[in-house]
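Remarks on the structure that follows.
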Amino acid sequence: MTVNQADPATGALFDELGPRGRKRLRWATVIASIVVLGLVVAVIAQLAHVGQLAGRLWAPLGEWPYQRFLLGGLVTTLEIGLSAAAMSMVVGTAAAIGRLSGHRWVSLPCTAAIELFRSIPLILLVYFFLIGGPMVGIYLPPYWELAIPIVLHAGSVFAEIVRAGVNSLDRGQTDAGLALGLRRQQVLTLVVLPQVFRNLRPALVSQLIRTLKESSLGYVVSYPELLNRGQVLGEYTANFLQTYFVTAAIYIVINFALSRIAELLDRPKSS
Amino acid sequence: MSILFDHLGELGTGLLTTLELSVLAFPLAVLLGTVLGVCRVSPVPPLRAVATGYVHCFRNAPLLLIMVMVVFALPYAGVTVPLFGSVVLGLGLYFASYVCETIRSGIASIPIGQIEAARAIGLGFGGVLREVVLPQTFRSMVQPLGNIFINTALGSALAAAVGVQELTGSARQFNLTYAQPVPSFVAAGIGYLLITLTAGQIIGFIERKVGIER
Amino acid sequence: MTGKSTLVTALVGVTLIGSVLAGCGSAPTAATNAGGVAGAAATAQKIDQSAAVAAGPVGQNLPSTPTLDKIRQQGALVFAGARNGLGFSQLDPTTGKVSGFDEGIAELLAKYLLGKPNVKMSQGSSDTRETLLQNHTIDAAIETYTITPARAQLVNFAGPYYLAASGIVVKSTDSGITKVSDLAGKKVATESGAAKDALVAAAPTAQPVLFDTTAECITALEQGRVDAVTLNNALLLGAVATKPDVKMISATYSSNPFGIGLAKDDPRFKTIVNQFLNTIFTDGVWTTLWKDTVGTLLKTPPPAPPKLGSAAGS
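Protein chains in written order, with my numbering: chain A, -18 to 252; chain B, 27 to 240; chain C, 2 to 315.
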């Protein structure tokens, strides 16, 4: 579900307005605008009142060495987000195929794994790999200690998206494939999945947004991604509010741009 | 292993804190999310803009960042909430954006004929929403809202990173003290499975009770 | 319609950010660290281990051990260190350089082993350092790492090389807490590990609230979320140096011996590291390092170096 689509159903909630309605709407607009602007002004006034808008607190964030430090974190975030998204799609698709398999000895473990990794918090998985993994003989470089939990978690979420996509596809497609003499597995890979993935284009981008956000757990394990670097910088300069504000803005701008791309990807299909 | 059983109480306290966090944060998210959802579909442009902006900001930022901001940045703006309350607030603010989007698509799932019929008998925007759309929306939203509850419970694990000792934090603390990672994290994992599976059962039950066949 | 509302949203956002940036733009941006920035940035510049490292010894005729061979092959000592422990190990984000006592010990050790102070700091938190040592991801852990008998079952400790007292920081206006026993029943921010253990031993009824970094602990105190902070006193001094609303009380308690964590399976390497510590203890390099790092914060005469093997577990 992309965020900002024109919504046919919600559009029907109100009519083209008549003269009185338009007048009321104008008033509502004016009042709401005043309230919203008032809130914005109140927030700014409060920040100014407690001295948090003081230029010296924001100045470091305008300087290249500090910006370079934060942007370095963004690069790490993008690296781990992109690679984990790609891996989670592969793992998730494989798990979904497994779950849809007719063989119980394939579908049962896949189902169990998907449900398990969806049902425990990512941070617990991270701690498990970080601390528990080595105790049972799994030694991983820091990148993988963060990436594997994300791939498992995001992969299980993606598996369910793929499965829902498969289930929502017209049964006739499968029947036709079977009637042609294809085996069940062939129907899935040759007929069903290509169509599912065409429908899932926006979900691919949401998956990237998900892994980008999840990579912020680097904060917890001292992996130098964006949020972790925001923390280090905030503590170094003692400007928590300003540093985290800018860090949040970076996440929001990047992910907003990505969701826009998702909408563009979606557009040709709907026209 | 036996150390674990001796200290099951500590993990139990952590589990209880996790439950408290989720049970308090979820209604906050639903309340705020519903208000935002109504704003998002309203005919008043500034309200739509605010709700849209809110959703963009809170869905695109990581939950951990929002929590860290509530705990460590908000006090600099003169607003200090106790740690536990900060986590509840962070979870509520974040998941409200998901509730808002769920409500919007819930409204979209109401057959247009019903809305037209409601308008035909003279209900205005508020009346249509209140009498016809929202009651049904909430029913069709049992499943998605249930998922948001489960995600709230899982998200509350991040509280461990900002000083609130819930289930994940207890497991980590237990491990730091006794160096027994596998049993402590497996026990915590079972705790979360208990929460999610129970929640799943309750959601299924509610859905059977109030769900509408289409 | 949607386009319009997005536009309005964007405008609201731009206005907000714009007004904020306007405040920022009017500021004298040149003054980065001089007077503009508080926190670690203000004091970090004074801390510099390079003089001590330049004077550091180079080990002669070191016997070959698996860890030493690995370090020589890498050409650098890979160690777990912290990035936000002012006085011990503080990263300057603008330069990427790390300064402090622990960083100095690491560079000195590298110089002793390799002839050059080549170090590579690896990520390692209190959760993971034992593991990283066990699997030889790191060659040493030098990060305010307190020697305890429990940890000594998992890793070897060379040292102790520093004895840290636990300090207590309270709000400037607070006169009710003057010694550790006053912490009874109070909410006390600290970090998991040795600092928390020392607190629980000295004030069993205190309620520890755990954070990950010194700055977070101090911030929690400033914001009134806790009544006090307790951590090793040098870390605390660095953190409160620029903050007028909190103060350090004069009483300290407990004594946490910091050791260099090493892999359990290479006992001969521990002997080499202890030889190294003994050398810098006796030739004055340790004292120089102390004065140039922790000493700039503590502002007291340098103590005598600790006695090797004096802590249970070392």
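Beta carbons: idealized from backbone N, C-alpha and C, even for Gly.
Being a predicted model, the structure only gives us computed values, none of them experimental.
Rounded straight-line distance, which links the Cα of residue j to that of residue i
| i | j | result |
| --- | --- | --- |
| Gln135/C | Ile112/A | 12 angstroms |
| Leu222/C | Ile169/C | 11 angstroms |
| Lys130/C | Ala81/C | The sequence given here places Arg at residue 130/C; Lys does not occur at that position. For Arg130/C and Ala81/C, the distance between alpha carbons rounds to 7 angstroms. |
| Leu107/B | Gly132/B | Inspection of the sequence shows that residue 107/B is occupied by Val rather than by Leu. If you take the alpha carbons of Val107/B and Gly132/B, they lie about 33 angstroms apart. |
| Gln191/B | Val54/C | 42 angstroms |
| Thr147/C | Val16/A | 56 angstroms |
| Ile224/A | Phe102/C | First, the amino acid is wrong: residue 224/A is Thr here, not Ile. One C-alpha to the other measures close to 27 angstroms. |
| Ala77/A | Ala184/A | 15 angstroms |
| Thr33/C | Ala99/B | Residue placement at Thr33/C is flagged as unreliable, the pLDDT there being 35, under the threshold of 50; the coordinate-derived value follows with that caveat. Between Thr33/C and Ala99/B, the C-alpha separation is close to 21 angstroms. |
| Ser197/A | Phe98/A | 18 angstroms |
| Glu216/A | Ser51/C | 24 angstroms |
| Ala67/A | Ala183/B | 26 angstroms |
| Arg234/B | Ile95/A | 24 angstroms |
| Ala77/C | Ser123/C | 12 angstroms |
| Val177/A | Leu163/A | 18 angstroms |
| Ile176/B | Gly59/B | 16 angstroms |
| Leu41/A | Val181/C | The sequence given here has Pro at residue 41/A, not Leu. Taking the straight line joining both Cα atoms gives about 38 angstroms. |
| Leu8/C | Ala29/A | Note that Leu8/C scores 44 on pLDDT, short of 50, meaning its location in the model is unreliable; the coordinates nonetheless yield the value given after this. Whole-angstrom Cα-Cα distance: 27 angstroms. |
| Ala40/B | Gln75/C | Correcting the residue type first, residue 40/B is Gly in the shown sequence and not Ala. Whole-angstrom Cα-Cα distance: 44 angstroms. |
| Leu22/C | Ser127/C | Low confidence applies to Leu22/C: its pLDDT is 41, below 50, so where it sits in the model is not reliable enough to give any reading. |
| His134/A | Pro207/B | 20 angstroms |
| Gly73/A | Ile131/A | 12 angstroms |
| Val67/B | Phe212/C | 42 angstroms |
| Leu6/A | Leu222/A | 38 angstroms |
| Ser193/C | Val236/B | 48 angstroms |
| Lys98/C | Thr297/C | 18 angstroms |
| Leu109/C | Phe109/A | 35 angstroms |
| Asn279/C | Gly116/C | 17 angstroms |
Endpoints, the beta strand (DSSP E) within which residue i is located
| i | result |
| --- | --- |
| Ile48/C | Neither: Ile48/C is in no beta strand (DSSP E) and is coded neither H nor E. |
| Gly260/C | Tyr254 to Leu263 |
| Val247/C | Val247 to Met249 |
| Lys121/C | Val120 to Ser123 |
Neighbour-count burial assignment, residue i, 16 or more Cβ in a 10 Å radius
| i | result |
| --- | --- |
| Gly4/C | With a pLDDT of 45 at Gly4/C, under the threshold of 50, the predicted position of this residue should be treated as unreliable, though the coordinate-derived value follows. Gly4/C is exposed by the Cβ-count criterion. |
| Arg144/A | buried |
| Asn180/A | exposed |
| Arg198/B | buried |
| Trp45/A | exposed |
| Gln61/C | exposed |
| Trp39/A | buried |
| His82/B | buried |
| Pro53/B | exposed |
| Trp287/C | buried |
| Asn148/A | exposed |
| Trp291/C | buried |
| Leu160/B | buried |
| Ala238/A | exposed |
| Val97/B | buried |
| Val24/A | exposed |
Rounded Cβ spacing between residue i and residue j (contact assumed at less than 8 angstroms)
| i | j | result |
| --- | --- | --- |
| Phe200/B | His33/B | 6 angstroms |
| Tyr232/A | Leu91/B | 7 angstroms |
| Ile106/C | Ile143/C | 5 angstroms |
| Phe226/A | Gln188/A | Contact flag wrong, Cβ pair sits at about 27 angstroms. |
| Ala1/C | Thr215/C | No statement about residue 1/C is possible, as the shown extent of chain C runs from 2 to 315 and does not include it. |
| Leu207/A | Thr58/A | 4 angstroms |
First and last residue of the uninterrupted alpha helix (DSSP H) at residue i
| i | result |
| --- | --- |
| Ser187/A | Arg182 to Glu195 |
| Asn136/C | Here Asn136/C belongs to no alpha helix (DSSP H), and DSSP marks it neither H nor E. |
| Gln48/A | Trp45 to Leu81 |
| Ile25/A | Pro0 to His30 |
| Phe277/C | Pro268 to Thr283 |
| His134/A | Pro123 to Ser149 |
| Thr203/B | Leu193 to Tyr204 |
| Ala179/B | Val168 to Gly181 |
| Ser173/C | Taken as a continuous stretch (DSSP letters only), Ser173/C belongs to no alpha helix (DSSP H), as it is neither H nor E. |
Could you tell me which uninterrupted beta strand (DSSP E) segments, each at least 3 residues in length, are contained entirely in the segment 146 to 171 of chain C, listed from first to last along the chain? Whole beta strand (DSSP E) segments, 3+ residues: zero.
Within the segment 98 to 150 of chain B, ranges of the alpha helix (DSSP H) (whole runs, at least 4 residues): Within the segment 98 to 150 of chain B, the complete alpha helix (DSSP H) segments of 4 residues or longer fall at 109 to 134 and 138 to 146, listed in chain order.
Whole beta strand (DSSP E) runs in the segment 63 to 92 of chain C with 3 or more residues, listed along the chain? Runs found: 78 to 81 and 90 to 92.
What beta strand (DSSP E) runs, 3 residues minimum, are completely inside the segment 186 to 239 of chain C? As far as the segment 186 to 239 of chain C is concerned, its whole beta strand (DSSP E) runs of at least 3 residues are 188 to 192, 208 to 212 and 229 to 233.
Any alpha helix (DSSP H) of 4 or more consecutive residues that is wholly inside the segment 195 to 239 of chain A: Taken in chain order, the complete alpha helix (DSSP H) segments of 4 residues or longer contained in the segment 195 to 239 of chain A are 199 to 202 and 207 to 218.
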